[in-house]
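Read the structure below first, then the notes.
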Amino acid sequence: MPNLECRMYEAKYPEVDMAVMIQVKNIADMGAYVSLLEYNNIEGMILFSELSRRRIRSVSSLIKVGRTEPVMVLRVDKEKGYIDLSKRRVSEEDIQACEERYNKSKLVHSIMRHVAETLGIDLEELYIKIGWPLYRKYGHAFEAFKIIVTDPDSVLNTLTCEVKKSGPDGQEVTEVVPAVTEEVKDALVKNIRRRMTPQPLKIRADIEMKCFQFDGVLHIKEAMRKAEAAGNDDCPVKIKLVAPPLYVLTTQTLDKEQGIAILNKAITACTEAIEYHKGKLVVKEQPRAVSERDDKLLAEHMAKLRNDNEEVSGDEDSEEEEDTGMGEVDVENAGHGIME
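Under full-length UniProt numbering, read the sequence shown as residues 1 to 340, first letter to last.
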């Protein structure tokens with residue numbers, strides 16, 4: 001079986017004054033023993049005096065077994081393998097930088113480990129030939145992996161390694177050869193593309209729109225068309241009725257900020273159009289990125305409303321109203337419906 005245990009970086013130990021990601025393993029009399037997650041879980045220790053700048057009233061409130069968090073490296077004894085760490089000396093800037101680096105490194109490590117396991121290669125061998133050279137060249141292998149998604153040859157074909165061979169006269173010679181075989185290259189590119197190809201974000205906003213003027217339904221439809229016209233090929237805008245007077249605007253994009261800006265533009269266009277006909281638009285939820293769970297909950301809510309509408313009997317105009325996309329009118333509660 002190949003060895004699939006390896007540190008993430010070329011250096012075996014972290015540098016002093018460097019923030020590292022740890023996981024707390026156990027609490028002892030003098031402090032907490034932790035594993036350095038980026039350095040193949042080598043052990044470090046946080047003394048109780050390094051937990052907080054304030055007086056410690058409860059150790060359990062400051063540190064708990066199983067918790068993962070950034071800490072600062074105080075001392076490294078490479079001969080004895082001792083690493084002293086501090087929680088109280090790590091700043092907010094250090095924490096943010098450490099978390100960002102660790103999340104990138106963790107993804108790189110996961111991809112590398114999967115390739116090594118799939119091909120039966122030692123993980124450290126893969127890091128020596130591919131991972132660590134990319135860290136040196138690109139600052140972080142994650143940046144190289146982003147390029148590999150679209151242009152693998154420009155990154156992987158530049159990697160070489162030295163191998164020793166016997167020459168014609170029996171003397172040992174050093175030869176420079178490509179570091180990445182076609183088999184490893186195919187597996188690596190496949191895994192990187194599967195894990196790192198950007199996925200479109202869904203951006204959504206919730207609005208209430210009413211128009212009690214004559215032909216109010218037509219005015220609302222016109223406003224909806226204005227909203228959709230605010231989109232473009234990269235961020236197409238769609239607006240759907242949930243139940244009068246609630247509507248949702250959505251777009252999908254790789255750029256979150258652009259998606260939010262487009263929906264704000266669509267809301268403005270929709271507002272201007274409906275207010276021209278003395279209608280009213282109220283933003284219930286500002287544009288924001290939503291998850292699959294949010295979409296599922298919305299779909300379930302809309303399905304329930306459709307079922308409720310189908311159960312209403314004696315509505316002679318239901319088919320016509322369905323054609324207009326405006327739902328049913330609640331005569332007794334006209335303030336929450338649409339007058340035709």
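Note that CB positions come from ideal geometry on N, CA and C, so glycine has one too.
By the Cβ criterion, the stretch 226-240 is in contact with the stretch 257-275, since at least three pairs of Cβ atoms, one from each stretch, lie closer than 8 Å. Between E50 and the set L37, V163, E208 and G31, the nearest pair of CA atoms involves G31. Inclusion of I128 and N191 in the CB contact set at 7 Å is not warranted, their separation being larger than that value.
E208 is the residue among S105, Y102, E208 and G216 whose C-alpha sits nearest the C-alpha of K240. Taking the Cα of A179 as reference, the smallest distance to any Cα among T197, D295, T158 and L254 is reached at T158. The beta carbon of V290 sits closer than 7 Å to those of K202 and R204, all from its chain and outside the five residues before and after it, given in chain order.
Pairing K137 with L36, the inter-Cα distance amounts to about 24 Å.
Scanning S61, A97 and K106 for the CA closest to the CA of M8 turns up K106.
In its chain, beyond the 5 residues on either side, I46, E50, V71, M72 and L74 have a beta carbon closer than 7 Å to the beta carbon of S86.
Sequence-distant Cβ neighbours of E272 in its own chain, meaning closer than 8 Å and more than five residues away, are K226. DSSP, read as helix, strand or coil, puts D84 in strand. Closest in C-alpha terms to N40, from the list E257, V65, V20 and T181, comes V20. DSSP, reduced to helix, strand and coil, places D294 within a helical segment of the structure shown.
With fewer than 16 neighbouring CB atoms inside 10 Å of its own CB, G81 falls in the exposed class.
Counting the other CB atoms within 10 Å of its CB gives H301 a total below 16, which places it among the exposed residues. Comparing alpha carbon positions, the residue from K165, C235 and E38 closest to E100 is E38. By the CB criterion at 7 Å, R88 and S52 fall inside the cutoff. Look at the beta carbons and you see the stretch 120-135 touching the stretch 152-171: at least three pairs across the two are nearer than 8 Å. Secondary structure of L218 (DSSP, three-state): helix. Ranked by Cα distance from E175, the first of G167, T181 and V76 is G167. With a 10 Å radius around the Cβ and a threshold of 16 neighbouring Cβ atoms, L254 comes out exposed. M18 sits exposed, since fewer than 16 C-beta atoms from the chains shown fall within 10 Å of its C-beta. The Cβ atoms of D206 and E285 sit closer than 7 Å to each other. Counting of Cβ neighbours within 10 angstroms places E5 among the exposed residues, the total staying below 16. For A144, the CB contacts under 8 Å within the same chain, skipping 5 residues up- and downstream, are L134, K137, Y138 and V155 in chain order.
Contact between L305 and V237 does not hold, since their C-beta atoms are separated by about 22 Å, which reaches or exceeds 8 Å. Of all alpha-carbon atoms in A116, R288 and I147, the one lying nearest the alpha-carbon of R193 is that of I147. Put simply, the backbone Cα of K104 is about 44 Å away from that of Q171. If you draw a straight line from the Cα of A303 to the Cα of N26, it comes to about 50 Å.
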